[in-house]
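Undergrad: The structure's right below; bear with me while I get my questions together.
Numbering (our numbering), first residue to last: 40 to 454.
Printed below as a string of structure tokens:
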């Protein structure tokens, strides 16, 4: 009774603790009273056995003197306990074997308690551990980096999903707001046999004069180069109402710029819209476009004297181009003022003269002016900036947009 045994308690802790030494038996020879198990006992412990009381009870029930009382059916003999009753402690070999078997059956792994934790407790514990880690020097350095990485990953994921979806569903230009788009354009005309380009338009040397560094003179075709577009101009003019001579000049200017300033991507529909707003394609003031592209009589605007909403520009050419020595006047089908024509004028028909009253020269000069500064006319901001630089009036730019968009829609399917 004096030795100490260690029993593994897997239900409470993962470590074993010694049991109390058994109490010595009383003097009257009664069996020792066991210590009841805590919390797991379903029934109160049985009182200690009293032989005298058991004998009296047996005698009162009619048992013979000296006869050993028989247990009730289903009852266990003394020294044994049910699943809910207390168990006597003993230091004998059988008791030790029993305790070892019980201990082996109840053994639990230390990490088994973590499985029984509630999700809420796990979350609270993880939050506390993260907060404690974030206050350490390593956490203060790593946590912002992780947060930044998460933002970059989210942005990359959103871009991978949103950008392809937006590119796959482009908004029709005709349905967009004018301030955020360019007018709808038509298919470019088939490229005719153009003259050999020896530099910027309008700088080609006259026929028979060799260029600097060249051994032979460039061969220019006879007649008006834009006449090569006559068949296309007839088909497109039938649906747009643009005179064929003017339409050839606008399309020819697009083709020349496509070879000399490919980044501009100017469409003939924009040039046609400017020609319509400025002079109704060379028909202002009773003028008519001739077969060679010249407007007769010459188109001259009102004096730019600051009256009637006009700008005030004093004479800059001594009346050489506009015949006015007091104020400047706009000239030709595309309405250039003298200073702008002196800067940007072109010779598109190869006759050696830069004539603002010739629709061929004027259309190409207008294209050169719109493409200045590296503009890309397929970008809304560049398109609107170019038109407003031509005439800085919002109503004017909106009229050009509407007309160019109309020409583009009408001629979209014409080849």
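All C-beta atoms in this analysis are idealised placements derived from N, C-alpha and C, irrespective of residue type, glycine included. Computed from a predicted model, the values in this text were never measured in an experiment.
#1: Based on the DSSP output, what are the partners of residue 327 in its beta bridges?
#2: What do you reckon, are the CB atoms on residue 268 and residue 298 nearer than 8 Å?
#3: Quick one: what's got a C-beta closer than 8 Å to residue 416's C-beta in the same chain, skipping five residues either side?
#4: Per the contact definition of three or more C-beta pairs closer than 8 Å, is the stretch 355-367 in contact with the stretch 397-404?
#5: If you draw a straight line from the C-alpha of residue 161 to the C-alpha of residue 171, how long is it?
#6: Tell me whether the beta-carbon of residue 312 lies closer than 8 Å to the beta-carbon of residue 446.
#7: For residue 370, which of helix, strand or coil comes out of DSSP?
#8: With a threshold of 16 other CB atoms inside 10 Å of the CB of residue 394, please say whether the residue is buried or exposed.
#9: Residue 350 to residue 340, Cα distance in whole Å?
#10: Using 8 Å for Cβ pairs, my map puts residue 336 next to residue 326. What's the rounded Cβ distance?
#11: Go ahead and pull the three-state DSSP assignment for residue 268.
#12: Identify which residue in 372, 357, 272 has its Cα closest to the Cα of residue 378.
#13: Whole angstroms are fine: how far does the CA of residue 293 sit from the CA of residue 354?
#14: Any beta-carbon of chain B closer than 8 Å to the one on residue 454?
#15: Identify, in the order they occur along the chain, each residue of the same chain with its Cβ nearer than 8 Å to the Cβ of residue 436, setting aside the five sequence neighbours on each side.
#16: Could you tell me whether the Cβ atoms of residue 280 and residue 372 are closer together than 8 Å?
#17: Tell me the DSSP bridge mates of residue 344?
#18: For the alpha helix (DSSP H) containing residue 425, list its first residue and its last residue.
#19: What are the residues that DSSP puts in a beta bridge with residue 375?
#20: By Cβ distance below 8 Å, which residues in the same chain neighbour residue 274 in space, the five residues on each side in sequence not counted?
#21: For residue 395, does the three-state DSSP call read helix, strand or coil?
#22: Hey, quick one: how far does the alpha helix (DSSP H) through residue 295 stretch, first residue to last?
#23: Tell me the DSSP secondary structure of residue 173 in three-state form.
TA: On the basis of the coordinates in this document:
#1: In the chain shown, the residue the question calls residue 327 occupies position 288. The bridge partners DSSP lists for residue 327 are 335.
#2: The count along the chain shown starts at 1 and reaches residue 268 at position 229. The count along the chain shown starts at 1 and reaches residue 298 at position 259. Not a contact, by the Cβ cut-off of 8 Å.
#3: If you number the chain shown from 1, residue 416 lands on position 377. Result list for residue 416: 221, 303, 304, 305, 306, 309, 409, 410, 422, 425, in chain order.
#4: no
#5: Position 122 of the chain shown, counted from the start, is the residue given in the question as residue 161. Position 132 of the chain shown, counted from the start, is the residue given in the question as residue 171. The alpha-carbon atoms of residue 161 and residue 171 are separated by roughly 15 Å.
#6: The sequence position of residue 312 within the chain shown is 273, counting from 1. The sequence position of residue 446 within the chain shown is 407, counting from 1. Cβ distance < 8 Å, so residue 312 and residue 446 count as in contact.
#7: Here residue 370 refers to the residue found at position 331 when the chain shown is read from its first residue. Reduced to three states, the DSSP call for residue 370 is strand.
#8: Start at 1 with the first residue of the chain shown, and residue 394 comes out as number 355. Classification of residue 394: buried, given that the 10 Å Cβ count is 16 or more.
#9: For the purposes of this step, residue 350 is identified with residue 311 of the chain shown, where counting begins at 1. For the purposes of this step, residue 340 is identified with residue 301 of the chain shown, where counting begins at 1. Approximately 12 Å between the Cα atoms of the pair.
#10: Counted from its first residue, the chain shown places residue 336 at position 297. Counted from its first residue, the chain shown places residue 326 at position 287. The pair is a contact, with the Cβ atoms about 6 Å apart (cut-off 8 Å).
#11: Within the chain shown, numbered from 1, the residue matching residue 268 stands at position 229. If DSSP states are grouped into helix, strand and coil, residue 268 belongs with the helices.
#12: Looking up residue 378 in the chain shown gives position 339. Comparing Cα positions, the closest option is 357.
#13: For the purposes of this step, residue 354 is identified with residue 315 of the chain shown, where counting begins at 1. For the purposes of this step, residue 293 is identified with residue 254 of the chain shown, where counting begins at 1. So the two alpha carbons sit approximately 32 Å from each other.
#14: No chain B is part of this structure, which consists of one protein chain only.
#15: Working through the chain shown from its first residue, we reach residue 436 at position 397. So the list reads 423, 426, 427, 430, once near-sequence residues are dropped.
#16: The sequence position of residue 280 within the chain shown is 241, counting from 1. The sequence position of residue 372 within the chain shown is 333, counting from 1. In this structure, residue 372 does not lie closer than 8 Å to residue 280 by Cβ.
#17: Within the chain shown, the letter at position 305 stands for residue 344. DSSP lists 351 as partners of residue 344.
#18: By one-based count along the chain shown, residue 425 stands at place 386. Its alpha helix (DSSP H) spans residues 419-429.
#19: Here the question's residue 375 lines up with position 336 in the chain shown. Paired residues: 370.
#20: Counting from one through the chain shown, the residue named residue 274 turns up at place 235. For residue 274, where only same-chain residues beyond five positions count, the Cβ hits under 8 Å are 453, 454.
#21: Taking the chain shown and counting its residues from 1, the one referred to as residue 395 is at position 356. Note: residue 395 maps to coil in three-state DSSP.
#22: The count along the chain shown starts at 1 and reaches residue 295 at position 256. Looking at the DSSP string, the run of the alpha helix (DSSP H) that includes residue 295 is 283-299.
#23: Along the chain shown, read from residue 1 onward, the residue named residue 173 stands at position 134. Looking at residue 173 - three-state DSSP - the assignment turns out to be helix.
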